[in-house]
Structure formats: C-alpha cells, structure tokens
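What follows is a short report on a single structure.
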C-alpha cells in the first residue's frame, strides 16, 4: 500500500542521482507532496518558492531554458487553477521542458474538502496544446512514469493522489506513454479507468468473473495522447463501454474516450465520475462510495 505522491517523492530522490539536471520546485508543501525526499538528498537542487504558484511555474520555465529538467510540485487545484496562465503561456506555448507534478488530485484528498479537491485539472490540462497528461494508477507505474518524464522533451502534467492504494503492477512491467493497458479479454463490457479507479475496476472484474460475467479493464494512465486504437478495438469487441475516474465527468477520461468514439466508431458510453459538482469533506473511501466510483457501483452498471 503506497500513495502515488509517496512513490513520486521516492522516485525523485532515486532518479536525482542518475539525472544531475533534475531540479525540484515546491510551493511550501514539500512534506505533503513528498518532494522533501529530494530536498534532503539534494538541497542545492531544491527550490521552495513559497505560496506563489504563478512564480513556481515561471521559475520552472526559466530553469528549463537554462538546461535543467524542473519538476514543479504543489496540490493539483493550485497547480492547474492558480497557475493556469503561466502554464499556458510560459510553458506550453514555448514547448518548454517543464514537468508539473501535482499531488492531492480528486475527491480522494478527503477531509480538506471542495476547495482542495481538483476535479477539473484533467480537463484544463487536456485543453492546453503541447501538454502530455498522465495519471498513474499505483506506485510502480508512478516510478516508471517519473523516468519517462525525465526522458521526454516537453511539458507534462502528472496527476498524483493522496491516499495509500493497492499496488496493481509488479516491478518490471512494461508501460508506454500513450498506450493503455488491457486486463482480460472479457466481452460483456470494457471499463476504461485511470488513477485510483483502476484498482476498483480490477476488483469489480474479479467479482463479476466469479459470478459468470467476464469484462475487460483498460488502464488509461495516459489521458493525452489517448490510445485511440485500443479504445476502438474494445468498442468493437465488447458489448458495453464504461469510463470511471476521480474527476468531473466533463473534460476528463470519459470525455476523451467519447471524443474518439464520436469521430471513429460511434457507440454509447456510460461515464462514471463526479457529476459536474463540487466535492465535500469526508474520508476518502467514503467519498468514493458517495460519488459512486467504487467496484460496487461498477458492478451495478455492468449488470
């Protein structure tokens, strides 16, 4: 059990040894975002910008122009909302090599409530040209994504979450940016999931299998560029299509899947997520149940 934010912090500290041009910036949240792991090892390559998210992104842009590989971290709601103009005009427009690693995304932030629960960050980042958007499902995938982000030349948004969740993958699993991962060959339904909802979809898959219904789960760890080929393949091969995400159903994974199918292979899709409303304060697992993004609710939709 590990959170993707914790895996991010550990990976930063490890990869800092190998990649000397990596620098890390934070907005006075290093203990929460786990960038403190990097700060302890490489204090001369860590910059606490303070509660000034626009400056965080602007400084990261400048460091990238100086040949560094900056990871700019804060909570997702601040990274994408408060600093949107800087991301759009300073980073994406110029295709700068800045990695925005935003933690505490979605309702799984929990007790901090609506003001801190980013439910529109995927929509905002998907709409920005030149931006790659990724949402890893577990610690193993996060560690892989970190090195891929370092190797990739250009802006990236990495969506990370707060709670400890089950590991989905074993070390050594092959991943590729822009390519979803299909679990199973069931034809009753395809569940397209991302981030914390992948493990929920896999739980539902097992329970349904035990009850005689076989479905497949697709881990869409990359929201942009989306894996169009896999989406169309699953639409052709399975009876029902469902998307599930810890995000507003407008503009996130569900919208991305529907956009592909609208153009390439029209088919009905059930979108599971936050139904265009704000979150609220509560324990993260109770909130997932309240907003109906758990294995139980996937099973109900399939049946």
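Numbering (the working numbering), first residue to last: 76 to 378.
All C-beta atoms in this analysis are idealised placements derived from N, C-alpha and C, irrespective of residue type, glycine included.
Computed from a prediction, not measured in an experiment: that's the story for all the values here.
Relative to residue 268, the option among 370, 251, 357, 97 whose CA is nearest is 370. Secondary structure of residue 191 (DSSP, three-state): helix.
Minimum Cα-Cα distance from residue 266 among the listed residues 344, 229, 234 corresponds to 344. For residue 258, the enclosing beta strand (DSSP E) starts and ends at 256 to 258.
Around the beta carbon of residue 209, a 10 Å sphere encloses 16 or more other beta carbons of the protein chains shown; the residue is thus reported as buried. Looking at the DSSP output, residue 93 sits in no beta bridge, so it has no partner there.
For residue 115, no beta strand (DSSP E) segment is defined; the enclosing uninterrupted segment is the alpha helix (DSSP H) at 111 to 116. With 16 or more neighbouring CB atoms inside 10 Å of its own CB, residue 178 falls in the buried class. Pairwise C-beta distances place the region 284 to 301 out of contact with the region 345 to 354, as fewer than three of them are shorter than 8 Å.
Rounded to the nearest angstrom, the gap between the Cα atoms of residue 365 and residue 378 is 20 Å.
From the listed residues 188, 144, 127, the smallest Cα separation to residue 159 is found for 127. In this structure, residue 221 lies away from residue 331, with their beta-carbon atoms at least 8 Å apart. Looking at the DSSP output, residue 249 shares a beta bridge with no other residue.
Non-local beta-carbon contacts of residue 362 in its own chain, meaning distances under 8 Å to residues more than five positions away in sequence, involve 182, 183, 185, 354, 355 in chain order. Look at the beta carbons and you see the region 162 to 171 touching the region 121 to 136: at least three pairs across the two are nearer than 8 Å.
Boundaries of the alpha helix (DSSP H) harbouring residue 136: 128 to 140, taken from the DSSP string. Residue 313 sits buried, since 16 or more C-beta atoms from the chains shown fall within 10 Å of its C-beta. Residue 268: member of the beta strand (DSSP E) spanning 264 to 268, first to last residue. At the C-beta level, residue 240 and residue 274 come within 8 Å of one another. Excluding its 5 nearest sequence neighbours in each direction, residue 243 has C-beta neighbours in its own chain below 8 Å: 212, 213, 215, 216, 273, 274, 277, 294, listed in chain order.
In the structure shown, the three-state DSSP call for residue 332 is helix.
Only buried fits residue 171, as 16 or more other CB atoms lie within 10 angstroms of its CB. Taking residue 245 as the centre and dropping the five residues before and after it, the same chain places the C-beta of 215 closer than 8 Å to its C-beta, in chain order. The C-alpha of residue 156 lies about 22 Å from the C-alpha of residue 359. If you draw a 10 Å sphere on the C-beta of residue 206, you find 16 or more other C-beta atoms in it, and that means buried. Residue 76 is classed as exposed because its beta carbon has fewer than 16 other beta carbons within 10 Å across all chains shown. Boundaries of the beta strand (DSSP E) harbouring residue 316: 315 to 323, taken from the DSSP string. For residue 147, the secondary structure class from DSSP, reduced to helix, strand or coil, is strand. Contact between residue 335 and residue 374 does not hold, since the beta-carbon distance rounds to 25 Å and is not under 8 Å.
Here residue 142 is not near residue 112, since their CB atoms are 8 Å or more apart. Here residue 234 is not near residue 82, since their CB atoms are 8 Å or more apart.
DSSP places residue 299 in the strand class (E or B) of the three-state scheme.
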